[in-house]
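Residue numbers (our numbering): 1 to 544. Beta carbons: idealized from backbone N, C-alpha and C, even for Gly. These numbers were taken from a predicted model, which means no experiment stands behind them. Here the structure comes first, spelled out in C-alpha cells, and everything after it is commentary.
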C-alpha cells in the first residue's frame, strides 16, 4: 500500500487571498498544491495566525471543491512578531516536536512558498535537521505565454539528502579528500590502520565540538595532530579563536591553577597582576592539554566544571569567568589505570572519553620510516637552509637497521627526528655517508640499552646514567672520554632539554637559581654556549 502524502504549509496571508469568483483564475499557492493530477494530497496541515482564521477557512473550503479527497486540518500558530527569528523558529520547532509523525505509513512534504522569509528559513532548517522528517516542496505560477494562466501553477520537490545529487556528492568527496590531506599534512604514513584513524577523525572534527582524546606514546605525533584538527576547523569557520597548547606535566601547585584558570592580583605570593589563564585565552578556539593525566585532582575538578558549564573560578577571584572552547586532550598514560590509582577523576574521564583515538607507536608503523626520512630531511633543510641527502648505500643501511627488530624507537618520531638531524648535521658535504650512518647506529644502540629505555630519558645517578644519555648524542667513544663530572652534568642537561619545548624553557629550568641574582638574563644563550662545548646544538638535543 502506498503511503499517504501529507503536506505542511503556512497560510499565505497575501498570496492565498481570494473570495470573488475570479479567484479560480488566479494562482494561489496553498490551493494550487491540491490542483495537480500527479500530486495526490491526502492531508494538508495548514498553519495560520489568529488574524488569518477566516482566510484559512475559505482556503479549506476551496480545497474541498478542487480536491475532495484532501483532508485539511487547521492549526493556530501564535506569533507576536512574524519577523522575530527566535520566536518563529521556537514556535515551529514546538509544533514539529508535538506532531505525531508516522514515517512508515505517511510521506511528508514541507511547503516553503508561503509565509515570511523568516518563516521559510525556519521551515528549511527544521526540515534539514529532520525535525520535520520530510522533503521540501516549492510551488510557483506557470511560466506559460503572456495572458495564459494555469491556476494550478507548477511545483518542484527538493530532497535535502545531498548524497542523492551526483555533482554535490562529488564535491563532498573532493572536500573530504582535501580535509584528509590537511589532517595528514606533515604526517607521512603508509599504515592502513593510521589512515583509517585519520578518516574517522575527519568526520568527528567536522561534526562535533565535544572533547577529543588523543592517546599514544610520547613522540607519536599527538601535538602535531591536535594542531591539524584546529587548522581544519578554522578553515571550515567552525571556530574563530586561537589554538592554545600546554603540557600538563609542567604544571604544579598554584602555578597550575593560575596557568589554566587565571588569577587575580595578590591571589598568592608573586601574583603581581591579574592573569586571564589559558582557558579564557582559548575562548571560541581549541585548548590542547597534552599529558592531561598529569593534572592534579583539584585542577581536574575545575576543568570538568569548565567543560560542562563553560564557567570556572579564577584563583583569588569572587567572580566567575566564562569560556567556550573545544578541548583536545593528549595522554601517554592509560587513564583508566590512573582512575584505579585514584590519580584521575572518573567523571572527567567519562567526559573526555567520548572520542578517543589511539596513535600507534613508530615501532608499529615501521613502513612509515622510509617516507618520513625525506620529510625529516626537508624539515632540516628548512631550518638550517642547507639540503642534505643520503647516498644510496647509506640509505639502504640505515633503513635496514631502522625497520629491523633491533630498532626500539622508544621515543617514536622524536627519536627518528633527532637521529636524522644528527646525521644531517654531521654531513658537511651535503651527503650522508655509510660512515655517518654506522656512527649513528652505534649511538642509537647505546641510547636504547634496557636501562636507558626503562628510565624514560630522565637523569639517573651514577656514571652509567651519564654514559647512556651522553652516548645517545655524542656516541659511545666520545662519551667514555668525558670526565665523570662532565658526563653526569651533561646527562642532566640533556634530560632537561629532551622534555622542554624550547631552548629558553630548558634554560629557565637549568639556571633557575643563578638567574635570580642577575639583573638581566639570557638563559637560551647560556645553554647554547654550554652545549657548544661538546659540539652540540639545540636541534640535536631538544625535545620540542
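For residue 354, tell me which candidate among 80, 299, 295, 215 has the shortest Cα-Cα distance.
Among 80, 299, 295, 215, the Cα nearest to that of residue 354 is on 215.
Continuous alpha helix (DSSP H) stretch holding residue 525: start and end
523 to 532
Looking only at its chain, what residues have a beta carbon closer than 7 Å to the beta carbon of residue 120, apart from the 5 residues adjacent to it on each side?
Answer for residue 120: 112, listed in chain order.
In or out: residue 407 buried (at least 16 other Cβ within 10 Å) or exposed?
buried
For residue 416 and residue 388, the rounded distance between their alpha carbons:
16 Å
Look at residue 8 and residue 45 and say whether their C-beta atoms are less than 9 Å apart.
yes
Sequence ranges, beta strand (DSSP E) only - wholly within the stretch 322 to 385, length at least 3
326 to 331, 355 to 358
Three-state class that DSSP yields for residue 135 in the structure shown
strand
Going by DSSP in three states, residue 457 sits in which element: helix, strand or coil?
Its pLDDT being 41, under 50, residue 457 is placed unreliably in this model, and the value from its coordinates should be taken loosely. Looking at residue 457 - three-state DSSP - the assignment turns out to be coil, as it is neither helix nor strand.
Taking residue 196 as the reference, give the member of 528, 117, 438, 357 with the closest Cα.
357
Kindly indicate which three-state DSSP category residue 319 falls into: helix, strand or coil?
coil
Please look up how many angstroms separate the CB atoms of residue 507 and residue 536, rounded, as I've assumed it's under 8 Å.
The pair is not a contact, with the Cβ atoms about 14 Å apart (cut-off 8 Å).
Closer than 7 Å by C-beta to residue 15: which residues in its own chain qualify, once you throw out the five before and the five after it? Chain order, please.
So the qualifying residues of the chain are 28, 29, 114.
Inspect the beta-carbon positions of residue 447 and residue 472 and report whether they are closer than 9 Å.
yes
Are there 16 or more other CB atoms within 10 angstroms of the CB of residue 297, so buried, or fewer, so exposed?
Exposed, since its Cβ has fewer than 16 Cβ neighbours within 10 Å.
As assigned by DSSP and simplified to three states, the class of residue 288:
strand
First and last residue of the uninterrupted alpha helix (DSSP H) at residue 58:
53 to 66
Best match in 293, 316, 311, 306 for proximity to residue 265 [C-alpha to C-alpha]
Here the closest residue by C-alpha is 316.
List the DSSP bridge partners of residue 312.
321
Residue closest to residue 326, alpha-carbon to alpha-carbon, out of 283, 301, 522
Residue nearest to residue 326 within the set 283, 301, 522 is 283 (criterion: CA-CA distance).
I think residue 117 touches residue 77, with their Cβ atoms under 8 Å apart; what is that distance to the nearest whole Å?
At roughly 17 Å, the Cβ-Cβ gap does not stay under 8 Å, so residue 117 and residue 77 are not in contact.
Quick check: residue 511 and residue 523, are their CB atoms within less than 9 Å of each other?
In this structure, residue 523 lies closer than 9 Å to residue 511 by Cβ.
Please return the same chain residues whose Cβ sits closer than 7 Å to the Cβ of residue 194, not counting the five positions on each side in sequence.
Correct list, in chain order: 360, 365.
C-beta contact flag for residue 156 and residue 139 at 9 Å:
yes
Entirely enclosed alpha helix (DSSP H) segments - the stretch 182 to 258, minimum 4 residues:
192 to 207, 222 to 235
Under the three-state DSSP convention, the category residue 47 falls into:
strand
Closest by C-alpha distance to residue 431, when choosing among 392, 58, 439
392
Around the C-beta of residue 51, are 16 or more other C-beta atoms found within 10 angstroms, so that it is buried, or is it exposed?
exposed
Looking only at its chain, what residues have a beta carbon closer than 7 Å to the beta carbon of residue 230, apart from the 5 residues adjacent to it on each side?
243, 286
Closest residue to residue 137 among 497, 32, 251 (Cα-Cα distance)
32
Going along the chain, which residues of its own chain have a beta-carbon closer than 6 Å to the beta-carbon of residue 204, five neighbours each way excluded?
Contacts found: 355.
Taking the C-alpha atoms as reference points, what is the distance between residue 340 and residue 249?
20 Å
Skipping 5 residues on each side, what residues in its chain have a beta carbon closer than 7 Å to that of residue 352?
211, 213, 327, 329
Among the candidates 444, 321, 422, 153, whose CA atom is the shortest distance from the CA of residue 538?
If you compare the alpha carbons of 444, 321, 422, 153 with that of residue 538, the shortest gap goes to 422.
Which residues bound the beta strand (DSSP E) around residue 5?
4 to 10
What span of residues does the alpha helix (DSSP H) with residue 79 cover, start to end?
Residue 79 -> no alpha helix (DSSP H), and no H or E assigned at all.
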